[in-house]
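Okay, structure first, notes after.
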Amino acid sequence: MSTLFNYILKIGDDSLILGHRLSEWCGHGPILEEDIAMTNIALDLVGQATTLLNYAGEMEGKGRDADALAFLRFDREYRNLLLVEQPNGDFGMTMMRQFLFDAYRLPLLERLQKSSDVSLAAIAEKSLKETKYHLKHSSEWVIRLGDGTEESHRRVQDALDTLWRYTDELFQEDDAEKELVVSGVIPPMSEIREAWNANVNRVLEEATLTIPTNNWKHSGGRKGMHSEHLGYILAELQYMQRAYPNMEW
Amino acid sequence: MVTKDQIWLWLEEVSDPEIPVLTIVDLGVVRHVELHGDLCEIKITPTYSGCPAMKTIEDDIVSKLTEKGIETVKVDLVLSPAWTTDWISEKGRSKLLEYGIAPPVDEVDKSVLFAEPPKVGCPRCGSHNTRMVSLFGSTACKAQYQCNECLEPFDYFKCLK
Numbered sequence: 426m427s428t429l430f431n432y433i434l435k436i437g438d439d440s441l442i443l444g445h446r447l448s449e450w451c452g453h454g455p456i457l458e459e460d461i462a463m464t465n466i467a468l469d470l471v472g473q474a475t476t477l478l479n480y481a482g483e484m485e486g487k488g489r490d491a492d493a494l495a496f497l498r499f500d501r502e503y504r505n506l507l508l509v510e511q512p513n514g515d516f517g518m519t520m521m522r523q524f525l526f527d528a529y530r531l532p533l534l535e536r537l538q539k540s541s542d543v544s545l546a547a548i549a550e551k552s553l554k555e556t557k558y559h560l561k562h563s564s565e566w567v568i569r570l571g572d573g574t575e576e577s578h579r580r581v582q583d584a585l586d587t588l589w590r591y592t593d594e595l596f597q598e599d600d601a602e603k604e605l606v607v608s609g610v611i612p613p614m615s616e617i618r619e620a621w622n623a624n625v626n627r628v629l630e631e632a633t634l635t636i637p638t639n640n641w642k643h644s645g646g647r648k649g650m651h652s653e654h655l656g657y658i659l660a661e662l663q664y665m666q667r668a669y670p671n672m673e674w
Numbered sequence: 013m014v015t016k017d018q019i020w021l022w023l024e025e026v027s028d029p030e031i032p033v034l035t036i037v038d039l040g041v042v043r044h045v046e047l048h049g050d051l052c053e054i055k056i057t058p059t060y061s062g063c064p065a066m067k068t069i070e071d072d073i074v075s076k077l078t079e080k081g082i083e084t085v086k087v088d089l090v091l092s093p094a095w096t097t098d099w100i101s102e103k104g105r106s107k108l109l110e111y112g113i114a115p116p117v118d119e120v121d122k123s124v125l126f127a128e129p130p131k132v133g134c135p136r137c138g139s140h141n142t143r144m145v146s147l148f149g150s151t152a153c154k155a156q157y158q159c160n161e162c163l164e165p166f167d168y169f170k171c172l173k
């Protein structure tokens, strides 16, 4: 089951790291309602991460649970996308990162609901209902900021220009995953890319934003080769378990 | 001899830790009760993936049934079918309203952007002249509203389908 373990680790780590990133906004949101919105979404993502990582631990069969996987791995063992570990930047950057991720996650969960692996299908069914709220929230902000003032447009266009290079990685699949596709456990990434393209093009057009023409793409997170940002996230995320091993609260 | 119906009645004595006016049965998180001699198996489902109340609910079920004399209580978490606000009982909906939280109403498809937010009645004055302040509220399951008539801000238990 190590193939399935590796795959669930990837989508579980996406939730964990993006959830942590969003939680950094707690107490710093531009308005109170958005502070609450971002921490709510963070909570959903950390909840999804807990379920996914617990299941990954079961698949692995070495007695590791969600906490062991979240708090006691080294950076090279994390399999999250480079996109989700990118710094929050301004509110526009955070919303653009969220939108590019949500637009990928929603069609992925929709299809995973029909996975031949019943546990994975159940997790997807549960998470999808939450992700619909997330995508609505991030899409509306991208449009509002893009089609807003000169300054909000400039900032969110900068965010798109910065983050676009990380979007190709969303759809990369390795040989092991191709086998999971054949056995009906996960959908082919080409389908997800198609759904993502359609939605992203529609929203960015409404937001009057321009898709960067520079096609140079960045990847590595799925193989454990991260940007320098992940180490700092883990230093904070893992501090308590590293300083006080096995502590609980 | 304890029956399953009796267990359901006892479970109605366990309240939701976040919204204590609701029992876990009103909320629809108890999905299944099974009795095998001295063993009682309960299946519960979370409202939201990150709901921090699940562990407390599980502990409360165990202590309630132990207090009632059930020897072994096993609580399992199930994810499918996923919880929906349709499972909140009629009794639960009126309790919410009385408590000051507007119960869920049917909402438009969430893929429609900038759609008109659902028309929610004010739990204080009953007016439907209200506005959504934020889609996200004090817990994952709520949105923030304000009444335009009596100006009271209130929680809306948002629709999850």
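Same order as they appear, the protein sequences are chains A and B.
Converting from the first sequence to the numbering used here requires adding 425 to each position, the first position being numbered 1.
Converting from the second sequence to the numbering used here requires adding 12 to each position, the first position being numbered 1.
A virtual CB, placed ideally from N, CA and C, is assigned to each residue, including glycine.
The alpha carbon of A/Phe516 has as its nearest neighbour, out of A/Gln582, A/Leu507 and A/Tyr480, the alpha carbon of A/Gln582.
Excluding residues up to 5 positions away in sequence, Met520, Gln523, Phe524 and Asp527 lie with their Cβ nearer than 7 Å to the Cβ of A/Ser563 in the same chain. Annotation: A/Gly486 to A/Thr475 spans about 17 Å, alpha carbon to alpha carbon.
A distance below 8 Å separates the beta carbons of B/Ala114 and B/Tyr168. B/Cys63 belongs to the set of residues whose beta carbon lies under 8 Å from a beta carbon in chain A. For B/Asp72, DSSP assigns no beta-bridge partner whatsoever. Looking at the backbone, the Cα of A/Arg504 and that of B/Ile82 are separated by about 45 Å. Between the C-alpha atoms of A/Leu560 and B/Val124 there is a straight-line separation of about 11 Å. For B/Phe166, there are no neighbours in chain A by C-beta distance under 7 Å, as the nearest C-beta there is about 15 Å away. B/Ala155 counts as buried, since at least 16 other C-beta atoms from the protein chains shown sit within 10 angstroms of its C-beta. Chain-ordered listing is empty here: chain B has no CB closer than 7 Å to the CB of A/Leu525, the nearest sitting near 16 Å.
Going by C-alpha positions, B/Glu70 is about 11 Å away from B/Pro29. B/Cys153 sits away from B/Thr142, with the two beta carbons spaced by 8 Å or more. Burial is judged here by how many other beta carbons sit within 10 angstroms of a residue's own beta carbon; A/Cys451 has fewer than 16 and is exposed.
DSSP places A/Gln523 in the helix class (H, G or I) of the three-state scheme.
Nearest neighbour of B/Ile100 by Cα position, chosen from B/Met66, B/Val120, B/Thr59 and B/Asp121, turns out to be B/Thr59. Judged by beta-carbon spacing, A/Leu477 lies beyond the 8 Å limit of A/Glu594, meaning their Cβ atoms are not closer than that value.
The beta carbon of B/Thr78 sits closer than 7 Å to the beta carbons of Val85 from its chain, once the five residues preceding and following it are set aside; these are given in chain order. Inclusion of A/Asn431 and A/Ala601 in the CB contact set at 8 Å is warranted, their separation being smaller than that value. Closest option to B/Val74, judged by alpha-carbon separation, among B/Ser61, B/Ser92 and B/Lys55: B/Lys55. By the C-beta criterion, the segment 540-558 of chain A is judged to be in contact with the segment 609-620 of chain A, since at least 3 inter-stretch pairs fall below 8 Å.
Under the three-state reduction of DSSP, B/Val26 is assigned to coil, being neither helix nor strand.
CA-to-CA, the gap between B/Ser27 and A/Trp621 works out to about 42 Å. Between B/Ala94 and A/Lys557, the C-beta gap is not smaller than 8 Å, which leaves the two residues out of contact.
For B/Ser146, the three-state secondary structure derived from DSSP is strand. DSSP places A/Val543 inside the alpha helix (DSSP H), whose first and last residues are Val543 to Gly571. CA-to-CA, the gap between B/Gly40 and A/Glu604 works out to about 39 Å. In this structure B/Lys107 touches B/Leu34 by the C-beta definition: roughly 6 Å separates them, less than 8 Å. Under DSSP, B/Ala114 forms a beta bridge with B/Tyr168.
If you check the CB distance, B/Phe148 and A/Ala462 come in under 8 Å.
In terms of beta-carbon proximity, A/Ile442 stays away from the interface with chain B, with every pair separated by 8 Å or more.
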